[in-house]
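In what follows, a structure is listed as structure tokens, so that the remarks can point back to it.
Number of protein chains: 8
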Amino acid sequence: MRTSHDTFHLAIPARDLDETEQFYVRQLGCHLARRYADRITLNFFGDQLVCHLSPDEPRREPRLYPRHFGVTFARRDDFDALLRLVEIRKVPLFLPLATRFNGTVEEHHTIVLRDPTDNLLEFKHYEDPRMMY
Amino acid sequence: MRTSHDTFHLAIPARDLDETEQFYVRQLGCHLARRYADRITLNFFGDQLVCHLSPDEPRREPRLYPRHFGVTFARRDDFDALLRLVEIRKVPLFLPLATRFNGTVEEHHTIVLRDPTDNLLEFKHYEDPRMMY
Amino acid sequence: MRTSHDTFHLAIPARDLDETEQFYVRQLGCHLARRYADRITLNFFGDQLVCHLSPDEPRREPRLYPRHFGVTFARRDDFDALLRLVEIRKVPLFLPLATRFNGTVEEHHTIVLRDPTDNLLEFKHYEDPRMMY
Amino acid sequence: MRTSHDTFHLAIPARDLDETEQFYVRQLGCHLARRYADRITLNFFGDQLVCHLSPDEPRREPRLYPRHFGVTFARRDDFDALLRLVEIRKVPLFLPLATRFNGTVEEHHTIVLRDPTDNLLEFKHYEDPRMMY
Amino acid sequence: MRTSHDTFHLAIPARDLDETEQFYVRQLGCHLARRYADRITLNFFGDQLVCHLSPDEPRREPRLYPRHFGVTFARRDDFDALLRLVEIRKVPLFLPLATRFNGTVEEHHTIVLRDPTDNLLEFKHYEDPRMMY
Amino acid sequence: MRTSHDTFHLAIPARDLDETEQFYVRQLGCHLARRYADRITLNFFGDQLVCHLSPDEPRREPRLYPRHFGVTFARRDDFDALLRLVEIRKVPLFLPLATRFNGTVEEHHTIVLRDPTDNLLEFKHYEDPRMMY
Amino acid sequence: MRTSHDTFHLAIPARDLDETEQFYVRQLGCHLARRYADRITLNFFGDQLVCHLSPDEPRREPRLYPRHFGVTFARRDDFDALLRLVEIRKVPLFLPLATRFNGTVEEHHTIVLRDPTDNLLEFKHYEDPRMMY
Amino acid sequence: MRTSHDTFHLAIPARDLDETEQFYVRQLGCHLARRYADRITLNFFGDQLVCHLSPDEPRREPRLYPRHFGVTFARRDDFDALLRLVEIRKVPLFLPLATRFNGTVEEHHTIVLRDPTDNLLEFKHYEDPRMMY
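Taken in sequence, the protein lines are chains A, B, C, D, E, F, G and H.
One point on numbering: in full-length UniProt numbering, the residue at position 32 of the first sequence is 32, and numbering is uninterrupted.
One point on numbering: in full-length UniProt numbering, the residue at position 130 of the second sequence is 130, and numbering is uninterrupted.
One point on numbering: in full-length UniProt numbering, the residue at position 15 of the third sequence is 15, and numbering is uninterrupted.
One point on numbering: in full-length UniProt numbering, the residue at position 57 of the fourth sequence is 57, and numbering is uninterrupted.
One point on numbering: in full-length UniProt numbering, the residue at position 46 of the fifth sequence is 46, and numbering is uninterrupted.
One point on numbering: in full-length UniProt numbering, the residue at position 128 of the sixth sequence is 128, and numbering is uninterrupted.
One point on numbering: in full-length UniProt numbering, the residue at position 27 of the seventh sequence is 27, and numbering is uninterrupted.
One point on numbering: in full-length UniProt numbering, the residue at position 83 of the eighth sequence is 83, and numbering is uninterrupted.
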């Protein structure tokens with residue numbers, strides 16, 4: 001369990017703030033906390049995501065490793081709601097829904113999205129919630 | 001507020017897993033959840049941090065923007081405990097304790113650490129806890 | 001998530017305090033917190049509703065927009081319990097149970113009640129609980 | 001106490017959506033949840049506020065009674081943080097900080113703000129937290 | 001909702017402390033907090049029950065009204081677990097399982113136990129959890 | 001700790017429902033949940049108190065033992081707020097503020113009120129919160 | 001219910017720290033909090049387990065009574081997840097899954113593991129969650 | 001953080017059940033959950049402690065390592081309340097109040113009690129609450 005009063009915060013690059021807001025707020029359903037000339041800050045599933053304007057961020061095919069971020073849902077229902085949102089709103093996928101580590105304790109379901117700056121977002125649900133860490 | 005049952009998860013590069021475990025577990029006080037040949041996973045202040053073995057991660061002077069991550073503490077006491085730990089255990093600093101946005105609602109105290117792979121970690125505390133997002 | 005210690009508070013007009021208490025306490029099952037000569041205050045589903053005596057509040061056919069208020073239930077069971085109460089106690093309806101935004105992420109079930117002063121109350125449940133905001 | 005999983009929701013008129021977003025998000029620090037052509041929805045201190053585009057909302061000097069809304073803070077610190085924000089960001093006041101019902105159990109501190117559509121927002125803190133209802 | 005940190009406390013007569021401890025701890029599964037010469041105190045489903053030695057408490061057929069006490073369970077499962085305990089351990093019944101206020105919002109299931117001093121304990125579960133008050 | 005979802009419930013006699021509502025709601029600040037011809041139900045500090053109309057309840061000088069009920073506050077501030085309410089609203093006292101079991105672990109502060117039917121209410125605060133049971 | 005902020009702590013012998021870490025972290029999925037020359041400390045299902053290096057701890061067939069420790073899961077799902085982990089990862093069993101106290105209120109499911117130092121760990125789930133104590 | 005719904009459970013030897021109940025319930029303030037011919041079970045600071053009758057448990061001077069158990073308090077006030085109880089009720093000490101690991105992050109205050117079977121109980125409070133594991 002994590003505390004409910006502290007927050008994780010993550011800063012990532014954003015080539016364009018309008019596109020970024022469009023992706024995170026309109027598509028993914030995050031809440032816009034603040035917008036400045038050089039960044040936007042988001043309430044991202046209860047944690048803080050800061051997107052810094054980085055127009056020169058190089059364009060290249062993203063790789064899942066070693067950098068990505070996202071949410072691990074404790075309940076299958078919450079993961080399924082995310083899958084439903086991704087499908088209905090046609091959120092850009094990097095990797096479709098898959099199951100990893102089948103037959104092990106670490107077995108989990110995962111989907112990877114791609115934001116307009118090519119940051120990769122992984123959402124997961126573990127069969128055994130103790131494997132969330 | 002965030003939920004206490006879901007977790008944020010972040011994947012970052014690690015040039016060397018032993019050094020990484022040394023930094024996060026022995027110095028920063030995180031808990032080692034799992035260790036594989038190619039990664040370690042950590043209970044990082046209640047969220048999941050995955051350090052993927054990336055021996056070829058380029059060496060260069062890190063920049064704070066646009067990529068860094070960390071924790072925003074709701075209570076000053078928790079932030080101070082982190083500062084005390086940093087001082088006593090001589091955790092490598094990238095930027096010393098500073099106050100940013102003085103005199104504004106966004107005013108906050110911040111310290112930036114540097115892990116062995118040159119990932120930057122920012123820990124913050126806001127005067128106004130509503131600014132955590 | 002919202003905090004459990006702070007409360008939302010809403011002040012609305014009430015043409016007649018007895019009728020208002022009858023509607024909110026006896027029919028809707030809210031708890032009467034305080035009664036003064038010129039107002040009653042209610043524990044309305046955990047938040048504060050203050051009904052100010054306003055005998056001259058004009059009588060006209062209410063419109064749902066732009067003003068109404070209510071509760072969004074996170075769990076379907078709680079929404080269903082409200083529907084059952086409305087049916088059994090014959091609480092005055094303004095709009096019957098309906099589903100809005102079908103097939104979108106924002107899809108939700110809604111029912112609109114009408115208090116004796118013609119204030120409109122909307123109760124909702126979203127398929128995707130993240131859409132509560 | 002209220003639940004932390006259900007939310008109160010309130011719909012109010014907004015003469016202009018940009019001005020409304022400016023007031024609630026940039027000044028008051030609420031989070032923008034969704035923006036449509038005819039409305040914006042906000043995470044307002046943990047509850048849902050929906051501002052419906054109502055360009056014809058009549059202009060007249062607002063009155064505090066019978067309609068206003070806001071938050072009652074359980075802790076003085078949270079109320080003070082709001083006062084500090086109001087002062088630093090020069091949020092438009094309708095009524096300055098005042099103490100009401102002095103010497104009674106209902107004694108509370110209150111400040112009233114005015115949004116661009118002349119909706120009035122009252123923020124309160126009671127000496128005796130049981131009087132929040 | 002009630003707070004989890006404050007407790008309700010109830011003091012009742014007990015003709016014999018050993019019998020009382022037998023009933024509340026061994027049969028009903030309460031926890032003995034303290035025992036003095038003239039009273040025992042119990043952790044009774046999370047609240048405090050104090051049984052004062054009252055050997056002269058008159059013996060007469062108990063009546064359910066106006067005095068009794070007990071627990072209202074929010075979840076049916078918890079009520080059923082109590083029913084199962086009553087049956088297996090043959091806890092003395094005053095009134096068997098019954099449903100009251102059928103077809104109304106206040107509909108609830110109830111069972112009434114009788115302690116060795118003829119105090120009556122009612123355990124309830126409401127179809128609509130908002131009716132717990 | 002007790003659960004926050006179940007409630008304690010207590011039924012007591014009330015010689016007159018109006019006087020009883022006056023005492024519990026207007027003076028003590030409880031919330032009126034329901035009123036029937038023969039009883040009122042109250043949200044009493046988060047638990048349920050049911051006052052059954054009992055006009056023939058004998059009049060005699062009440063005794064504190066063996067029957068009384070009330071709340072044990074975990075925090076001194078909450079106890080003090082109750083004392084302040086009792087003083088300002090001149091709630092009828094049966095026993096003034098006193099300290100019992102001085103110098104022992106069970107040391108606590110207590111005040112005893114008297115309702116219109118001569119039921120006695122004790123409110124307490126322990127120096128050592130583990131003694132609440 | 002127990003508090004979520006305090007922790008139970010238990011110190012036990014460990015003949016070999018590497019084997020102990022292997023058992024608790026790699027097999028059982030506990031988190032390694034700290035490692036010293038003479039002990040390791042673990043986040044053991046949310047509580048603290050300290051394994052003190054005790055190379056001379058006598059080798060003998062362990063007995064379940066009077067010393068063992070473990071976790072009682074409130075929810076069957078969490079117990080089942082532990083069973084699945086034990087099976088998949090082939091955690092050394094001392095006693096296989098069994099049901100004890102059948103037909104009584106104390107009925108519970110139990111499995112007993114054996115760590116490399118022959119400490120015994122019992123994991124349980126009760127039909128009636130009130131029997132956890 | 002640990003969950004509030006699962007419990008740790010520990011089984012220890014008890015040479016004499018009466019003495020054991022006397023120590024844990026009357027002195028230390030734990031709650032007696034159940035008493036059988038061969039064991040008592042206790043609600044020990046929110047977790048389960050089972051004391052198995054073991055009349056042949058050898059008598060020898062106890063050692064703190066490697067076996068002991070207790071509670072780590074997150075808040076200094078709760079630790080101080082325990083110290084006060086130990087002093088007032090003259091609970092048998094094995095080691096007096098001491099501070100260990102001075103000047104390090106792991107600095108903590110500790111006191112060690114001794115139960116009638118010579119089991120050792122350590123109660124702790126860390127300067128940095130993150131060191132509780």
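Ideal Cβ placement from N, Cα and C applies to all residues, glycine included.
On a predicted model such as this, the values are computed, not experimentally measured, just so you know.
Just verifying my parser: in three-state terms, what is the DSSP assignment at E87 (chain A)?
Note: E87 (chain A) maps to helix in three-state DSSP.
Cβ neighbour criterion (16 or more within 10 Å) applied to Y36 (chain D):
Of the residues assessed, Y36 (chain D) falls on the exposed side of the cut-off, its CB having fewer than 16 other CB atoms within 10 angstroms.
Taking a cut of 9 Å between CB atoms, which residues from the region 109-133 of chain F lie near chain H?
Flagged, chain order: E127, D128, P129, R130, M131 and Y133.
Identify every run of the alpha helix (DSSP H) within the UniProt domain "VOC" (6-126) of chain E, keeping only runs that are complete inside it and at least 4 residues long; order them along the chain.
Correct list: 17-21 and 76-88.
May I have the straight-line CA-CA distance separating H52 (chain C) from V112 (chain F), to the nearest angstrom?
Looking at the backbone, the Cα of H52 (chain C) and that of V112 (chain F) are separated by about 35 Å.
Strictly under 8 Å for the Cβ-Cβ distance: is V86 (chain H) near chain G by that measure?
No, because no Cβ of chain G sits closer than 8 Å to the Cβ of V86 (chain H).
For D77 (chain C) and I12 (chain E), what's the separation of their Cα atoms in angstroms?
Spanning the two alpha carbons is a distance of roughly 37 Å.
7 Å Cβ shell around V71 (chain F) - same chain, five flanking residues per side excluded
Counting only Cβ-Cβ distances below 7 Å, and skipping sequence neighbours, we find F45 and F123.
Can you tell me whether M132 (chain H) is helix, strand or coil according to DSSP?
Secondary structure of M132 (chain H) (DSSP, three-state): helix.
With a 10 Å radius around its C-beta and 16 neighbouring C-beta atoms as the bar for buried, classify A18 (chain G) as buried or exposed.
Correcting the residue type first, residue 18 (chain G) is Asp in the shown sequence and not Ala. Counting Cβ neighbours within 10 Å, D18 (chain G) comes out exposed, since fewer than 16 surround it.
Would you mind giving the Cβ-Cβ distance between L42 (chain F) and Y24 (chain F), rounded to the nearest angstrom? I have them listed as a contact below 8 Å.
Confirmed, Cβ separation roughly 5 Å.
Check the Cβ-Cβ distances between V50 (chain A) and every residue of chain D, and say whether any is below 8 Å.
No, its Cβ sits nowhere closer than 8 Å to a Cβ of chain D.
Going by CA-CA distance only, name the one from E:A81, E:R114, E:E87 and E:R75 that's closest to R130 (chain E).
Nearest C-alpha to R130 (chain E): E:R75.
Close-in-space but distant-in-sequence residues of the same chain around A98 (chain B) (CB under 7 Å, 5 per side omitted):
Here A98 (chain B) has T110 as same chain residues with Cβ atoms under 7 Å from its own Cβ, once five neighbours each way along the sequence are excluded.
What in chain D is Cβ-close to F23 (chain C), meaning under 9 Å?
Going along chain D, no residue has its Cβ under 9 Å from F23 (chain C), so there is no contact; the nearest lies around 16 Å.
So which residues of chain H does H31 (chain E) contact, with C-beta pairs closer than 7 Å?
Per Cβ cutoff of 7 Å: H31, L32, A33 and N43.
Are the Cβ atoms of H68 (chain E) and Y133 (chain G) separated by less than 8 Å?
Taking C-beta atoms as the reference points, H68 (chain E) and Y133 (chain G) fail to come closer than 8 Å.
Taking 8 Å as the CB-CB limit, is R67 (chain F) close to chain E?
True, the Cβ-Cβ gap to chain E drops below 8 Å.
Measure from the C-beta of A74 (chain C) to each C-beta in chain E and report whether the shortest distance is under 8 Å.
Closer than 8 Å: no.
With a threshold of 8 Å between beta-carbons, can A37 (chain C) be considered close to chain E, or not?
With 8 Å as the cut-off, A37 (chain C) does not count as an interface residue toward chain E.
With 8 Å set as the bound, which would you pick, yes or no: does the beta-carbon of T104 (chain F) sit closer than that to a beta-carbon of chain H?
Yes, its Cβ sits closer than 8 Å to a Cβ of chain H.
Does chain A have any CB closer than 8 Å to the CB of F8 (chain B)?
Using a Cβ-Cβ cut-off of 8 Å, F8 (chain B) counts as an interface residue toward chain A, since at least one Cβ of chain A sits closer than that to its own.
Quick one: which chain K residues come within Cβ less than 8 Å of D78 (chain B)?
The structure shown contains no chain K; its protein chains are A, B, C, D, E, F, G and H.
Who are the near neighbours of E57 (chain F) in its chain, counting only those whose CB is closer than 7 Å to its CB and skipping five residues on each side?
Around E57 (chain F): P13, R15 and T117.
Compute the distance between the beta-carbons of Q22 (chain G) and R89 (chain G), then report whether it is under 8 Å.
Remark: C-beta atoms of Q22 (chain G) and R89 (chain G) do not approach each other more closely than 8 Å.
Could you tell me whether the Cβ of R26 (chain B) comes closer than 8 Å to any Cβ of chain H?
Interface annotation, R26 (chain B): not in contact with chain H, CB-CB separation never under 8 Å.
So, using beta-carbon positions, are residue 136 (chain G) and V105 (chain A) closer together than 8 Å?
Residue 136 (chain G) lies beyond the residue range present for chain G, which begins at 1 and ends at 133; the question has no answer from this structure.
Taking 8 Å as the threshold (beta carbon to beta carbon), is T3 (chain A) in contact with chain B?
Yes, contact with chain B.
What number of angstroms, rounded off, separates the C-alpha of F79 (chain E) from the C-alpha of P66 (chain F)?
For F79 (chain E) and P66 (chain F), the distance between alpha carbons rounds to 29 Å.
Separation of R39 (chain H) from L95 (chain G), as counted between CA atoms
Whole-angstrom Cα-Cα distance: 21 Å.
Please check if any C-beta of chain A sits within less than 8 Å of the C-beta of A11 (chain G).
For A11 (chain G), the answer is no, since every Cβ of chain A falls outside 8 Å of its Cβ.
Determine the burial state of residue 146 (chain C): buried for a count of at least 16 other Cβ atoms within 10 Å of its Cβ, exposed for fewer.
Any property of residue 146 (chain C) remains undetermined from this structure, which presents chain C solely from 1 to 133.
Just the chain B side, please: which residues come within less than 8 Å of D47 (chain A) by C-beta, in chain order?
Going along chain B in sequence order, the residues near D47 (chain A) (Cβ under 8 Å) are R2, F8 and D47.
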